[in-house]
Amino acid sequence: MSTETVLYLAHPEADGALSRHSLEALAVAQSAAATLGATLVVGLFGADVRAAANAVGACGARRFLAVQGPEFATPRYATDTAAVEALARAAEATVIVGAHTSRLARVAAGAALRLSGCVDTHAGSVTAGADGLAVTRWFYKQRIEGDVRRSQRPWIVLVDPGAAEAYAKTAANVASEIVTVAATNNRTQTVGLREPGAGEQTIRPEAELLFVAGAGWTRRQKDGQPHTEEAERLILDFVRASRASLGSTKSLTDISGEGQAVLHCLSHLNQVGQTGSTPRHAKGLSTCCHGEEPHVVGWRFIRERRAVNLDPNCGWARGKADVLYVADAFAVMRELNRLLAAQ
Ligand SMILES: Cc1cc2nc3c(=O)[nH]c(=O)nc-3n(C[C@H](O)[C@H](O)[C@H](O)COP(=O)(O)OP(=O)(O)OC[C@H]3O[C@@H](n4cnc5c(N)ncnc54)[C@H](O)[C@@H]3O)c2cc1C
79 MSTETVLYLA HPEADGALSR HSLEALAVAQ SAAATLGATL VVGLFGADVR
129 AAANAVGACG ARRFLAVQGP EFATPRYATD TAAVEALARA AEATVIVGAH
179 TSRLARVAAG AALRLSGCVD THAGSVTAGA DGLAVTRWFY KQRIEGDVRR
229 SQRPWIVLVD PGAAEAYAKT AANVASEIVT VAATNNRTQT VGLREPGAGE
279 QTIRPEAELL FVAGAGWTRR QKDGQPHTEE AERLILDFVR ASRASLGSTK
329 SLTDISGEGQ AVLHCLSHLN QVGQTGSTPR HAKGLSTCCH GEEPHVVGWR
379 FIRERRAVNL DPNCGWARGK ADVLYVADAF AVMRELNRLL AAQ
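Each residue of the sequence shown is one higher than the one before, starting from 79 at the first, in our numbering.
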């Protein structure tokens with residue numbers, strides 16, 4: 079019998095439910111506990127965690143622990159760190175697995191210090207074998223994969239989104255053990271939420287499809303003129319109709335800083351690549367983008383890739399896409415939007 083106890087740590091979202099990312103982390107915790115022969119314990123914190131506990135009630139955990147109350151409703155370093163510490167101590171956890179959410183990432187290191195433990199974030203996988211637990215994570219912008227093993231306990235591991243299939247919610251009502259948290263410093267108050275002023279939300283981590291727009295959308299076309307307004311309309315119509323997530327290249331987002339014609343729907347947050355993000359979607363469609371290595375490295379986790387480019391010798395043609403359509407992206411997207419509207 080293993081001497082490890084795996085604590086699955088999570089917080090519900092504002093609607094009281096666990097996010098898909100949190101449910102992926104539960105699948106990782108379950109599989110680590112099963113392979114190690116360890117006890118699995120669920121630890122939840124938030125305003126009211128009953129619905130979240132019931133949603134994962136059949137996950138095979140031996141205990142369900144809860145820290146709840148209005149002071150845990152919104153993220154706050156002092157209360158969240160105290161909650162994580164209290165849950166870890168109550169569970170006598172040696173391995174703590176959670177999703178790499180901004181809320182957990184903010185407190186994981188502080189909680190590890192209080193527990194005299196250690197922490198690894200952005201984990202891509204957690205595997206258990208004869209020689210114990212191993213966590214993989216990427217270094218140097220997804221170019222080197224490290225395999226981390228530690229003897230120090232407790233070991234907090236925060237798992238990146240897309241690292242596992244989410245726990246398929248089998249619900250069962252459970253009675254959680256309430257864990258009390260010693261008085262904490264509640265001076266920091268959340269006074270409201272302010273969203274980015276970019277208008278429409280175009281980054282959708284849970285989308286099936288990543289749609290990438292490159293700098294070609296702002297370039298002079300065959301009539302010698304750029305058609306930026308039409309480009310923006312075609313792109314937005316497509317992402318609205320398909321519910322795709324919108325990515326861009328560095329060249330395109332940089333153009334806005336150089337005072338050239340821009341696509342207003344894009345910011346640096348959309349940039350995919352070595353100095354941008356590495357999103358995880360099942361499929362990707364790249365348009366008016368050359369497919370250069372510093373950009374394509376951000377496609378590492380996109381399994382099925384297609385690209386539209388006028389240039390048959392662009393980077394996508396060199397083994398970087400499954401299918402390259404040598405075509406005018408304006409014409410392709412006009413037709414695609416027409417077909418989507420007709421559905
Ligand atoms: C250290 C470093 C880090 C970098 N990090 C990143 C990064 O994180 N992300 C990133 O994206 N880049 C990054 N870059 C930049 C990268 O190397 C490329 O310069 C950039 O990705 C090019 O952007 P693009 O393909 O949109 O533009 P371009 O290279 O200008 O390509 C535009 C393409 O549009 C096509 N096109 C034009 N009109 C049409 C049309 N009507 N229909 C179809 N196709 C059309 C053209 O044929 C062309 O291939 C980095 C570079 C360095 C040195």
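Using N, Cα and C, we set each Cβ at its ideal position, and we do this for glycine too.
Taking 7 Å as the cut-off, the C-beta of K328 counts as close to a heavy atom of ligand 1. Look at the stretch 114 to 175 and you find these whole runs of alpha helix (DSSP H), each 4 residues long or longer: 128 to 133 and 155 to 169. The three-state reading of DSSP puts S229 in coil, since its state is none of H, G, I, E or B. Setting aside the 5 residues that flank it on each side, V401 is surrounded in the same chain by R384, each with a C-beta closer than 7 Å to its C-beta; the list follows chain order. When secondary structure is reduced to three states using DSSP, A260 falls in the coil class, being assigned neither helix nor strand. Residue side-chain check: V145 keeps its Cβ at 7 Å or more from all non-hydrogen atoms of ligand 1. In this structure, the C-beta of G354 approaches ligand 1 to less than 7 Å from one of its heavy atoms. Spanning the alpha carbons of A260 and A166 requires a straight line of approximately 14 Å. Per DSSP, the beta bridge partners of G207 are G210. The stretch 87 to 102 makes contact with the stretch 114 to 129, as at least three CB pairs between them are under 8 Å.
As computed with DSSP, E382 is found in a beta bridge with K361. Under the 8 Å Cβ criterion, the stretch 204 to 212 does not count as touching the stretch 183 to 190, having fewer than three qualifying pairs. Taking the C-beta atoms as reference points, K398 is found no nearer than 8 Å to I380. Residue state for L236 is assigned as strand, using DSSP reduced to three classes. For V185, the uninterrupted alpha helix (DSSP H) segment begins and ends at S180 to R192. Note on the stretch 297 to 351: whole beta strand (DSSP E) runs with a minimum of 3 residues are 323 to 326, in chain order. Beta-bridge analysis with DSSP links T280 to no other residue. Q349 has its CB nearer than 7 Å to a heavy atom of ligand 1.
The three-state secondary structure of L414, taken from DSSP, is helix.
In this structure, the alpha-carbon of I281 lies about 38 Å from that of E82. The stretch 255 to 271 and the stretch 301 to 309 do not touch, with fewer than three beta-carbon pairs separated by less than 8 Å. Assignment of A246 by DSSP, reduced to helix, strand and coil, places it in the coil class. Of the residues A291, L271 and S355, the one whose Cα lies closest to the Cα of S329 is A291.
Relative to ligand 1, the beta carbon of E308 is positioned no closer than 7 Å to any heavy atom. For A187 against V175, the beta-carbon gap comes to about 16 Å, at or over 8 Å, which does not count as contact.
Apart from the 5 residues on each side of it in sequence, A95 sits with its Cβ closer than 8 Å to the Cβ of A129, A130 and A133 in its chain, given in chain order. A direct Cα-to-Cα measurement between Q352 and C367 gives close to 15 Å. Per DSSP, the unbroken beta strand (DSSP E) holding V404 starts and ends at V401 to V404.
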